[in-house]
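> Would you mind keeping the following structure in view while I ask a few things?
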Amino acid sequence: MKLVFMGTPDFARTSLKKLIHSPHEVVAVVTVPDKPQGRGQKLKPSPVKQLAVDLGLPVLQPVKLRDPQFVEQLKQFNADAFVVVAFKILPPEVFNIPPKGTVNLHASLLPRYRGAAPINWAIINGETETGVTTILINERVDEGNMLLQKSVPIAPDMTAGELHDLLAEIGADVLVETLNRLEANDIVPVKQDEGQATRAPKITRKICHLNFNQTAQKVHNWIRGLSPYPAAYCYWQGKLLKIFRSRPVARLSDDVPPGTVVKVFKNGFTVKCASGAVDIFEVQVQGKKRMTVEDFLNGYRLQAGQLLE
């Protein structure tokens, strides 16, 4: 089939890479406009654009998806299907163009975790399983009829970053299989069960602020569910401290408030929670690089009894 691919981040780049080596032909790529980044505010292309340029594919970067000129450009490619991975919400005048429909790859077992951050919320909520789903896009975000689904286990210490990379690879394979079967008319779309639907809203700065007045397991899930980006954080001696790696431990004897550092050891430190505690192993002090706690302790005086707020 002839495809127009739409995506932006690394997660989408993995799918584009896989599609290039599939039986299908990617005739064009749609991504976001280049954005200013860094101190010099130089324009930087999205990961998907970088790959598309390397592959010599036509790239469209519309500011508005309803722009009549952009819509007309899409029609000129005569694609059999559009493929969407981690992109914007498409209007009907775009997703209704191709005869085979517009296929979206979503990083959850729909209808669970509809929304912008399914990987993060699956871990934050302590799920032991998640996966990927391909759907046909309709007017309601993440609510289209399902095509294929594949589940994967979530290991107890797996971070959002690690799960992201795993689902990107698995999702790319499921996407190719979906398109193969769609071309062969060997797939029956299935309506989502609204009774099973849950949400995965965008991660905000407020959500990233750690609350140690919870169980150790919940704090651990919060940390790994936001690692490596945007990262859970707290405050230590007035400095913002991001936390990337942790482990829940049973520690109930200390009669101190949640958030209190109760132990400092060579490569970590232990923080009291509402029940139990967490060992912390990797951090980033405001204005500094991410580092192991062992390196952190070489430059900062963290002591038992101090409070993480």
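Using full-length UniProt numbering, you'd call the opening residue of the sequence shown number 1 and step up by one each time.
Think of the CB as a built atom: it goes at the ideal place given N, C-alpha and C, for glycine as much as any other residue.
(1) Does DSSP put I119 in a helix, a strand or coil?
(2) So L147 is in the beta strand (DSSP E); what residue range does that whole segment cover?
(3) Helix, strand or coil: which one does DSSP assign to C273?
(4) Assign H106 to one of three DSSP states: helix, strand, or coil.
(5) Only counting the same chain, and skipping five residues up and downstream in sequence, which positions put a Cβ closer than 6 Å to that of L163?
(6) Give me, in chain order, the residues of the same chain whose beta-carbon lies closer than 7 Å to that of H220; leave out the 5 immediate sequence neighbours on both sides.
(7) Could you check where the beta strand (DSSP E) with P36 kicks off and where it finishes?
(8) Return the chain-ordered list of same chain residues with a C-beta closer than 7 Å to the C-beta of I137, the five sequence neighbours on each side being excluded.
(9) If you compare alpha carbons, which of Q196, W222, T215 and D186 is closest to I203?
(10) Let's see if you can read the secondary structure: which residues bound the beta strand (DSSP E) around K242?
(11) What are the boundary residues of the beta strand (DSSP E) that includes K18?
(12) In the DSSP output, what is K42 paired with across the bridge?
(13) Taking a contact to mean a Cβ-Cβ separation below 8 Å, would you say V26 touches L3 in this structure?
(14) When you compare only the Cα positions, how much space is there between T6 and E139?
(15) Who pairs with R199 in a beta bridge, going by DSSP?
(16) Less than 8 Å between the beta carbons of L175 and T134, yes or no?
(17) Check this for me: beta carbons of S275 and A216, under 8 Å apart or not?
(18) Compare the beta carbon distance of L179 and A81 with 8 Å and say whether it is the shorter of the two.
(19) From K263 to V271, what distance separates their C-alpha atoms?
(20) Considering only the alpha carbon of each residue, which of Q303, P153 and P58 lies closest to V132?
(21) Leaving out the 5 sequence neighbours to the left and right, which residues in its chain are closer than 7 Å to residue 311 when beta-carbon positions are compared?
(22) Assuming the contact rule is C-beta atoms closer than 8 Å, V29 and L57 should be a hit. Round their C-beta distance to whole Å, please.
Taking the structure as given:
(1) Here residue 119 refers to the residue found at position 119 of the sequence shown. Three-state DSSP puts I119 in a helix.
(2) In the sequence shown, the residue the question calls residue 147 occupies position 147. Element bounds for L147: M146 to P153.
(3) Position 273 of the sequence shown, counting from 1, holds the residue named residue 273. If DSSP states are grouped into helix, strand and coil, C273 belongs with coil.
(4) Counted from its first residue, the sequence shown places residue 106 at position 106. Strand, per DSSP.
(5) As a working mapping, residue 163 is identified with position 163 in the sequence shown. These residues qualify, in order along the chain: I119.
(6) In the sequence shown, the residue the question calls residue 220 occupies position 220. Residues S246, R247, P248 and V278 of the same chain have their beta carbon placed closer than 7 Å to that of H220, with the five preceding and five following residues left out of the count.
(7) Counted from its first residue, the sequence shown places residue 36 at position 36. Looking at the DSSP string, the run of the beta strand (DSSP E) that includes P36 is K35 to Q37.
(8) The count along the sequence shown starts at 1 and reaches residue 137 at position 137. Sequence-distant partners of I137 (beyond 5 residues in either direction) whose C-beta falls short of 7 Å from its own C-beta, in its chain, are V84, L90, F95, T102, N104 and G144.
(9) Within the sequence shown, numbered from 1, the residue matching residue 203 stands at position 203. Among Q196, W222, T215 and D186, the Cα nearest to that of I203 is on W222.
(10) For the purposes of this step, residue 242 is taken as residue 242 along the sequence shown, with counting starting at 1. Residues K239 to V249.
(11) Within the sequence shown, the letter at position 18 stands for residue 18. Unbroken run through K18 is the alpha helix (DSSP H), D10 to I20; no beta strand (DSSP E).
(12) Locating residue 42 in the sequence shown gives position 42, counting from the first residue. Looking at the DSSP output, K42 shares a beta bridge with Q37.
(13) Locating residue 26 in the sequence shown gives position 26, counting from the first residue. Locating residue 3 in the sequence shown gives position 3, counting from the first residue. Pairing V26 with L3 gives a Cβ-Cβ distance under 8 Å.
(14) Walking along the sequence shown from the start, residue 6 turns up at place 6. Walking along the sequence shown from the start, residue 139 turns up at place 139. Sequence inspection shows Met at residue 6; the Thr mentioned does not correspond to that position. Between M6 and E139, the C-alpha separation is close to 17 Å.
(15) On the sequence shown, position 199 is the one that residue 199 refers to. For R199, which the question treats as bridged, DSSP gives the partners R114.
(16) Here residue 175 is taken as the residue at index 175 of the sequence shown, counted from 1. Here residue 134 is taken as the residue at index 134 of the sequence shown, counted from 1. Contact: yes.
(17) Indexing the sequence shown from 1 puts residue 275 at position 275. Indexing the sequence shown from 1 puts residue 216 at position 216. In contact: S275 and A216 (Cβ atoms closer than 8 Å).
(18) Counting from 1 along the sequence shown, the entry for residue 179 is found at position 179. Counting from 1 along the sequence shown, the entry for residue 81 is found at position 81. At the C-beta level, L179 and A81 come within 8 Å of one another.
(19) The sequence position of residue 263 within the sequence shown is 263, counting from 1. The sequence position of residue 271 within the sequence shown is 271, counting from 1. Each residue's Cα considered, the two are about 7 Å apart.
(20) If you number the sequence shown from 1, residue 132 lands on position 132. Nearest neighbour of V132 by Cα position, chosen from Q303, P153 and P58, turns out to be P153.
(21) Missing from the structure shown is residue 311; the chain here goes from 1 to 309 and no further.
(22) For the purposes of this step, residue 29 is taken as residue 29 along the sequence shown, with counting starting at 1. For the purposes of this step, residue 57 is taken as residue 57 along the sequence shown, with counting starting at 1. About 5 Å; that satisfies the 8 Å criterion.
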